[in-house]
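These notes are about the structure you will find just below.
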Amino acid sequence: MGDVLAGFQTVWEFDTDSMLIRFERGIRTPKLLQALGERRIPFEALSGVELAVGKRGTVVLRAVPRPGADPLMDAADGQLKEAYDPYRLVLPAERETLADYYAERIRESLGPEADTAAEAHLVTVPPPPLSFKAYDGKASFDGKAISFRWFWTGASSEKWKVGDQRFRIDELTGVEWRSPESRGSAATAPREGAAKAGGAKGGSAKDGTARNGTGRVSPKGGGHGYLRLLRRSAEDQPADRPDRDPAAVVFGMGYGLVHQSLPFAAAVLEAIRASSPVPCAEGAPAPNRAAAPRRDPADIAERIRHLGELHTAGLLTDDEFSAKKAELLAEL
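For the sequence shown, counting from 1, position 52 maps to 52 in the UniProt record's numbering; every step adds exactly one.
Pasting the structure below:
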């Protein structure tokens with residue numbers, strides 16, 4: 001097409017087989033869109049396009065992605081606010097005729113499989129390395145593995161007992177992301193569905209509260225979410241509360257907001273989808289988890305001190321304290 005359609009905070013640039021969506025920077029543009037910057041959307045990644053009357057004298061043109069085509073939307077699983085939707089273009093009402101024209105042109109460019117789920121991701125997401133701070137730890141992704149490093153001020157005693165975690169991509173089947181801005185979101189209850197390597201599955205969360213290792217209670221309700229990694233080894237096990245699950249980090253208290261945690265979740269999901277794990281031969285042991293990098297001695301000392309506090313408070317038995325202390329000392 002070669003045309004440009006500019007709306008409020010967003011611009012669509014059309015090519016023969018795709019469109020480039022650019023998001024303007026500014027205080028009115030949501031941080032998620034600013035973080036994304038721009039996205040190339042192949043027409044084969046779309047299932048349709050919608051045109052509707054918007055608020056305050058506007059019309060809204062929205063491209064509809066195919067399920068499984070965009071890891072960002074699969075990870076979001078319908079939880080994004082309208083203003084955060086990267087497929088949404090808001091125009092003045094007087095441009096409705098022009099918007100309708102481009103809507104029809106997009107429909108004419110849709111692929112033959114527009115009505116079916118995509119078998120592979122067709123839209124790219126921000127590449128690793130990526131990291132963000134959650135309430136109870138820092139999550140990092142280097143393209144091959146995800147690491148969770150717990151914060152002693154926020155992590156639960158359950159997470160401190162097992163220590164920092166590192167998960168290889170080939171150990172995972174998907175991700176479960178709960179928006180901290182969703183209505184009724186909470187850090188304690190697992191959702192009924194999650195985005196997996198093969199697509200997205202819907203679900204909902206229940207209200208609750210999250211307790212951390214310091215004994216404080218996090219606020220209940222909105223403002224909390226989580227990112228959980230779905231492991232092959234735990235497929236047949238019931239999911240624990242995210243604040244207790246060592247395969248999950250909890251968002252809250254200003255940490256792990258949508259523009260940080262969602263692109264991270266999408267990048268992990270894309271890597272899982274692109275990986276081709278080789279199954280173990282019958283009777284062969286499962287591959288061992290990659291070892292975490294050697295830690296700083298001062299960090300080890302701080303963690304042993306915190307373990308001592310948990311032991312004194314009765315949250316760790318003598319055997320648990322001795323075993324965990326030995327593990328930490330072995331990493332020096």
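Even for Gly, the Cβ is constructed at its ideal location relative to N, Cα and C.
Inset, instruction - Please state if the CB of H259 and the CB of L89 are separated by a distance shorter than 7 Å. - result: no
Inset, instruction - Apply the 10 Å Cβ neighbour rule to D245 and answer buried if 16 or more other Cβ atoms are within range, or exposed otherwise. - result: buried
Legend entry - Runs of alpha helix (DSSP H) wholly within the UniProt domain "DUF4429" (218–268) (minimum 4 residues, chain order): none
Legend entry - Backbone CA spacing between F14 and A45 [nearest angstrom]: 14 Å
Inset, instruction - Using the Cα positions of T124 and A139, report the straight-line distance between them to the nearest angstrom. - result: 21 Å
Inset, instruction - Specify the secondary structure class of S157 as computed by DSSP and reduced to three states. - result: helix
Legend entry - From A330, E327 and A266, residue whose alpha carbon lies closest to that of L36: A266
Inset, instruction - Under 6 Å Cβ to Cβ from Y102, same chain only, skipping five residues before and after it: list those, please. - result: L5
Inset, instruction - Would you mind sorting T10 into buried or exposed? The rule is 16 or more other CB atoms within 10 Å of its CB. - result: buried
Inset, instruction - Please determine, among D236, F251, P127 and A234, the residue with the shortest C-alpha to C-alpha distance to P242. - result: F251
Inset, instruction - Quick one: grab the DSSP three-state call for E282. - result: Any reading at E282 must be qualified, since the residue scores a pLDDT of 48, below 50, and its modelled position is unreliable; no value is offered.
Inset, instruction - Could you work out which residue in T173, D170 and D136 is closest to W160 when comparing CA atoms only? - result: D136
Legend entry - Residue range of the unbroken beta strand (DSSP E) whose run includes E50: L46 to V53
Inset, instruction - Run the CB neighbour count on L329, radius 10 Å, all protein chains shown included, and call it buried at 16 or more, exposed below. - result: exposed
Legend entry - Cβ neighbours of Q237 in the same chain (closer than 6 Å, five flanking residues each side left out): none
Inset, instruction - Work out the CA separation of P128 and S47 for me, nearest whole Å. - result: 28 Å
Legend entry - Environment of L195 [buried if 16+ CB atoms lie within 10 Å]: Reading off the sequence, residue 195 comes out as Ala, not Leu. By the 10 Å Cβ count, A195 comes out buried.
Inset, instruction - Taking only the alpha-carbon atoms, compute the straight-line gap between L80 and P30 and give it to the nearest angstrom. - result: 11 Å
Inset, instruction - Go through its chain and collect everything with a Cβ distance to G111's Cβ below 7 Å, but skip five positions before and after it. - result: F43 and E44
Inset, instruction - Could you check which residue in A326, R178, T317 and D170 has the C-alpha nearest to that of S233? - result: D170
Inset, instruction - Tell me whether G215 is buried or exposed, calling it buried when 16 or more other Cβ atoms sit within 10 Å of its Cβ. - result: Because the pLDDT at G215 is just 35, under 50, the model does not fix this residue reliably, and the point stays unresolved.
Legend entry - Beta-carbon proximity of A247 to L229, cut-off 7 Å: yes
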